[in-house]
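Taking it in order: structure first as structure tokens, then the write-up.
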Amino acid sequence: MLNYRFLNNGKPVLVMLHGLLSSLDTFIPLIPTLSEHFSVLLVDQRGHGASKPEGHDYTADAMARDLKGLLDHLGIKKITLLGHSMGGRTSLMFGKLYPEMVEKMIIEDMGIHQRQPRSPEHDQEKTEIAKKAEVESLLFDNKDDIFTIISPLYSYAADLMKTKVVERDGKYELKFWPHVSVLYGYQGNYSDLTSALTQTIFPVLFINADPAVGSALTPTCIEHIKTHIPRAQMYEIPKSWHNIHKTHPKEFCEVVIKFHKGEKI
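Okay, structure coming up:
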């Protein structure tokens, strides 16, 4: 069962899915504002936060089915689904598999194109490093030891990694399972979502970051979305980067609420 946090106040349910290397904690600061309009369900996706890894399947399909199981457990039949980056890919796949459950969908700064898949063998070395980090992460005496091991995995996100280490009783450990991000790298991130886009039957809003600052969407991605979901709304928040909900929480919530109400954005 996925770890979750559910503020059920009887209002329409908003499910929020975080991105890679993140957790439901990333959305907690938004709850006071969003709960005025929604019952808010925050979810730790498979292998993230307090949701433990499940096997070796980290495709968007597997994560979407995880969410369906949680919603069935909670007795929730209809949702507005919001996904950031990796969570956006899960959201689109969920919409393809269970369109009858989606009232509206919001995608936060997610790249859309399928990349050429890599084989697990290609990432064997990274996987072994990741497993080593997991085994030893409970025993690290200082942060430098952790960074020494995982730096080959996350050289592109060194600053981010510094926020993923916690201290417990004088020891340091990681807040995520490194092998999950490696597996997702050649599974979930390479899923072809074109068919999911084509079959979309509910209102969809793409909230995009400012390309000049740092966005996962290229102009080609945006055109691809417009082609396959001509009814989709696109909204760019100026001066925001990939984690829009963190850099511009006020503007982000305003857009989400307006979309929920059917107001012009």
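For the sequence shown, position 265 matches number 1733 in the numbering used here, and the numbering has no gaps at all.
Cβ atoms here follow ideal geometry from the backbone N, Cα and C, with glycine treated the same way.
Distance check for residue j and residue i, CA to CA, integer angstroms please.
| i | j | result |
| --- | --- | --- |
| Y1654 | S1503 | Its pLDDT being 42, under 50, Y1654 is placed unreliably in this model, and the coordinates cannot settle the point. |
| T1686 | M1702 | 13 Å |
| E1568 | K1718 | 30 Å |
| K1442 | M1561 | No answer is possible for residue 1442: it lies beyond the span of the chain, which begins at 1469 and ends at 1733. |
| I1733 | A1680 | 21 Å |
| P1706 | A1684 | 14 Å |
| G1682 | G1543 | 38 Å |
| F1727 | P1521 | 34 Å |
| E1731 | R1514 | 34 Å |
| D1534 | V1672 | 22 Å |
| K1479 | D1512 | 22 Å |
| W1477 | P1698 | Residue identity check: residue 1477 is Asn in the sequence provided, not Trp. The straight-line gap from Cα to Cα measures roughly 34 Å. |
| A1709 | H1524 | In the sequence as presented, Ala is not what sits at residue 1709; that position holds Trp. Roughly 31 Å separates the two Cα atoms. |
| A1483 | K1536 | Residue identity check: residue 1483 is Val in the sequence provided, not Ala. When rounded, the distance between both Cα atoms is 11 Å. |
| T1501 | I1547 | 18 Å |
| L1606 | K1729 | In this prediction, L1606 has a pLDDT of 47, which is less than 50 and means its spatial position is unreliable; nothing more can be read from the coordinates. |
| A1530 | M1469 | 13 Å |
| N1711 | H1505 | 22 Å |
| K1572 | E1704 | 18 Å |
So, using beta-carbon positions, are residue i and residue j closer together than 8 Å?
| i | j | result |
| --- | --- | --- |
| A1677 | D1577 | yes |
| R1557 | L1510 | no |
| I1574 | V1724 | yes |
| S1507 | N1471 | no |
| L1549 | V1570 | yes |
| G1555 | L1661 | no |
| H1541 | G1487 | no |
| S1418 | G1517 | Residue 1418 lies beyond the stretch modelled for the chain, which goes from 1469 to 1733, so this question has no answer here. |
| I1580 | C1721 | no |
| T1527 | K1714 | no |
| F1670 | G1563 | yes |
| I1496 | L1475 | no |
| A1532 | L1565 | yes |
Starting from residue i, trace the beta strand (DSSP E) both ways and give me its first and last residue.
| i | result |
| --- | --- |
| K1732 | Counting along the chain, K1732 falls outside any beta strand (DSSP E), and DSSP gives it neither H nor E. |
| K1572 | V1570 to E1576 |
| L1740 | With the chain represented from 1469 up to 1733, any question about residue 1740 goes unanswered, as that position is not in the structure. |
| Q1701 | Q1701 to E1704 |
Where do the ends of the alpha helix (DSSP H) carrying residue i lie?
| i | result |
| --- | --- |
| S1559 | M1554 to L1565 |
| S1519 | No alpha helix (DSSP H) contains S1519, which DSSP labels as neither H nor E. |
| H1696 | P1687 to H1696 |
| A1663 | Checking the sequence, you will find Ser at residue 1663 rather than Ala. Taken as a continuous stretch (DSSP letters only), the alpha helix (DSSP H) holding S1663 covers T1662 to T1666. |
| K1714 | I1712 to T1715 |
Below 7 Å, is the gap between the Cβ of residue i and the nearest heavy atom of the ligand PLP?
| i | result |
| --- | --- |
| P1698 | In the structure on display, the ligand PLP does not appear, and there are no ligands present to speak of. |
The segment 1685 to 1698 contacting the segment 1660 to 1667, beta-carbon criterion three pairs below 8 Å: Verdict: yes, contact present.
Whole runs of the alpha helix (DSSP H) within the segment 1475 to 1535, excluding any shorter than 4 residues: Segments of the alpha helix (DSSP H) lying fully in the segment 1475 to 1535: 1499 to 1502.
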